[in-house]
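Data block below; observations after.
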Amino acid sequence: MGVAEKHKRSGTAAVLAAAVAAIAGPARAQPAPGAPVPYGVLAFDNRSGARGLEWMRLAVPFVLGEKLEAHPGLRPVYGTLVVPDGPPAGIGADAVRAFAARTQAEWVWTGAVDRAPDWQLVLVVQLWRARGDRVERIGEVQHRGSFEDVHVMVDGAIRELCARGGVPVPDGARGVFGAPTRDFYAFTLFGRGLAYIHGLDHKPHLGYAAKQLARAVFIDPKLAAAHRLLGVVHLWKKQWARARGQFAYALELRPGYPAALAGQARALMHEGRERRARELLEQLVDQRPWDVDLRLDLGRLYWQAGDVDRARHHLEAVVAAAPERLDARRLLVLVHAARGDAADLVSELEVVRELAPDDVEVQLDLAAAYAAAGRQEDAVATYRAVLDRHPRHLLALAFLGDLYRARGDLGAAIALYKRALRAHPDDPRPYFLLGGAYVAAGDDAAAKRVFLRAQRFADYLPETYNNLGSILYRAGRLGEARWYLVRAVRRRPESARLRYNLALVYSTLRDLDAAAAQIEAGLSLDPDHVGLHYLRGVLALRRGDADAARAAFERVLALDPDHEDARHNLALLDGMQRRAVDGEIGIELPQPAP
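Per this note's numbering, the very first residue in the sequence shown carries number 12; after that it's consecutive.
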């Protein structure tokens, strides 16, 4: 695998699909009259047998591809490196067919370099047309001359083959022709840098690539493509400022250079300057609406900014043009989830599952989406499918158990949680799931045994002690319950929930001052904790403070209008007050201490 394959982010132009399973792709719709023809380039052959010409296999098609970007009748479908990453696949019909199926290119440029006996360059350029699973060679042009004239030869091949293909270069498209550099040695160093990026004829090495490209721009500071590629290398090495500097050089030399603008935007993204990055990408997308890589980056930026509607717009445009772009579909999953679009979320995850059948996380997400959409049987079947292939998968066991528990089938849930515990005895999660299920099933003794075993996990001791204290409280063993809950609060004093449980034990033990202290501490942490307000009212009743009790219960109802116990106690207080007014009873309130 080349360095580019490891480090690359999608480049300036669109890679319109990722289907690599079949060489012969499905028949594609023909463009509307006048629509730009999608094209790509393949690495050339080296027919000379000389290793010294290997770099030309990449440099010549790179320059050819970038020249064609100025042709208004064409649009590129390649990425950052122009030439596909990795070892060259050849230039015959099979290689063209596979490339076209993968990228949806309709024109594919190939060729070869050779050295004549008189040491002159022999350049062969071929143009192929792909239509469905059929490919045909439109034509081949061969030029012979000095190596320094390589760019003139490329221009001649472009002019002739575009005309043969029925999309001649317009007279005004000046950017198509011309040399990126007049220094052949600078061009040689540029090609060697490309070779190190691709790993052609040696191991890929970004450091060596950077050295070759830096030497190229030192010899010819006006070689914009070398500045741009040097920026790409810095980008992959996470040297954001250096990357921006090189992209800026490239743009100064070639204003509006799309690949350099895209690189600049990506460097800004990594530096956290999302707003400026969005502005650049919006400009580029306006100029190149077919460029799905730009749209993907723009959609990602809008997602990060919280603008889910704009994110969805761009991401859906990506998958409409490139149905098998997993990166876009995975991001769309997050967008649909954020929007609460359950049906769209399920549909998107089903597509992702088809594209990535071995991705367990996708299966789990799809099962959860099925459950949220009310498709319980589909959710169960999906979890079961994961467990068929991965019987010990903790999350699949846990989530399926949760699903059965939510359906009221505690027996099935407990069985799954037991499997999870047996498979993962060193993970705390199965202990709490199984213990909680036993509590829900009314088997506090079994729950206690599980939580006693869970005391081995020091980081989870507050919850373990809380659970044991709660079980003992229900069993009426208040002293032991207090022992555990005091230690739970001591280890996690910031938890209002744990303080509530301890206050409840103190209240039951009639230690009202200790209970009140926990209530006030808990409410300082969570002023809207319904249980603590209710317990405050109960303590006030026990102390005979009817006004404080009323205020507490009214606060409970303000927070939870369906709290029947608070409503019942308020009714009792109203009755007591009426009877006191009628002289039947008297309510004595404690006097303040002197």
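Where a beta carbon is used, it is the ideal one built from N, C-alpha and C, also for glycine.
- Assignment of Glu147 by DSSP, reduced to helix, strand and coil, places it in the strand class.
- Between Ile149 and Thr121, the C-beta gap is not smaller than 8 Å, which leaves the two residues out of contact.
- Annotation: Gly453 to Lys429 spans about 17 Å, alpha carbon to alpha carbon.
- Here Glu65 is buried, its C-beta having at least 16 other C-beta atoms within 10 Å.
- One thing to note: Gln529 has its Cβ within 8 Å of the Cβ of Arg510.
- Closest in C-alpha terms to Glu327, from the list Leu343, Leu337, Asp144, comes Leu343.
- Looking at the DSSP output, Leu132 shares a beta bridge with Arg126, Gly156.
- Relative to the Cα of Leu309, the nearest Cα in the group Trp301, Glu293, Pro300, Gln298 belongs to Glu293.
- The DSSP assignment places 285-298, 303-315, 319-332, 337-350 as complete runs of the alpha helix (DSSP H) inside the segment 274-350, in order along the chain (cut-off: 4 residues).
- The continuous stretches of alpha helix (DSSP H) do not include Tyr268, and DSSP gives it neither H nor E.
- Secondary structure within the segment 504-544: not one fully enclosed beta strand (DSSP E) run of 3 or more consecutive residues is present.
- Taking each of Asp437, Asp438, Tyr442 in turn and checking the Cα distance to Ala426, the smallest one comes out for Tyr442.
- In the three-state DSSP reduction, Trp139 falls in the strand class (E or B).
- Of the residues Arg485, Ala451, Pro439, the one whose Cα lies closest to the Cα of Leu463 is Pro439.
- Listed in chain order, the non-local C-beta contacts of Leu534 below 6 Å within the same chain comprise Leu543, local neighbours out to five positions each way being set aside.
- If you look at Gly101, you'll find it isn't in any alpha helix (DSSP H); DSSP assigns it neither H nor E.
- By the Cβ test, the segment 227-236 is in contact with the segment 190-204, since at least three Cβ pairs between them sit closer than 8 Å.
- Counting C-beta atoms within 10 angstroms of its own C-beta, Arg113 has 16 or more neighbours from the protein chains shown and is therefore classed as buried.
- The straight-line gap separating the alpha-carbon atoms of Ala225 and Ala383 is approximately 55 Å.
- Around the beta carbon of Lys249, fewer than 16 other beta carbons lie within 10 angstroms, which makes this residue exposed.
- In the three-state DSSP reduction, Tyr50 falls in the strand class (E or B).
- For the pair of segments examined, the segment 333-340 was found to touch the segment 299-318: the number of CB pairs separated by less than 8 Å reaches three.
- If the five residues before and after Ala339 are omitted, its C-beta is found closer than 6 Å to the C-beta atoms of Leu307, Leu326, Val329, Val330, all from its own chain and listed in chain order.
- If you look at Leu85, you'll find it in the beta strand (DSSP E) that goes 85-87.
- Rounded to whole angstroms, the gap between the alpha carbons of Trp247 and Leu312 is 19 Å.
- Distance between Arg508 and Arg485, taken at the CA atoms: about 17 Å.
- Lys222: member of the alpha helix (DSSP H) spanning 217-230, first to last residue.
- Inclusion of Tyr545 and Val516 in the CB contact set at 8 Å is not warranted, their separation being larger than that value.
- At least 8 Å separates the beta-carbon of Arg416 from that of Ala407.
- Under the Cβ criterion (8 Å, minimum of three pairs), the segment 166-175 does not count as touching the segment 51-69.
- Between Leu85 and Val48 the beta-carbon gap is near 5 Å, inside 8 Å, which marks them as a contact.
- DSSP, read as helix, strand or coil, puts Asp56 in strand.
- Distance from the CA of Gln315 to the CA of Leu172, rounded to the nearest whole angstrom, comes to 44 Å.
- A Cβ-Cβ contact shorter than 8 Å links Val93 with Gly76.
- Beyond the five residues adjoining it in sequence on each side, Ala197 comes within less than 7 Å, by CB distance, of Ala227, Ile230, Asp231, Leu234 in the same chain, given in chain order.
- The DSSP-derived three-state label of Val93 is coil.
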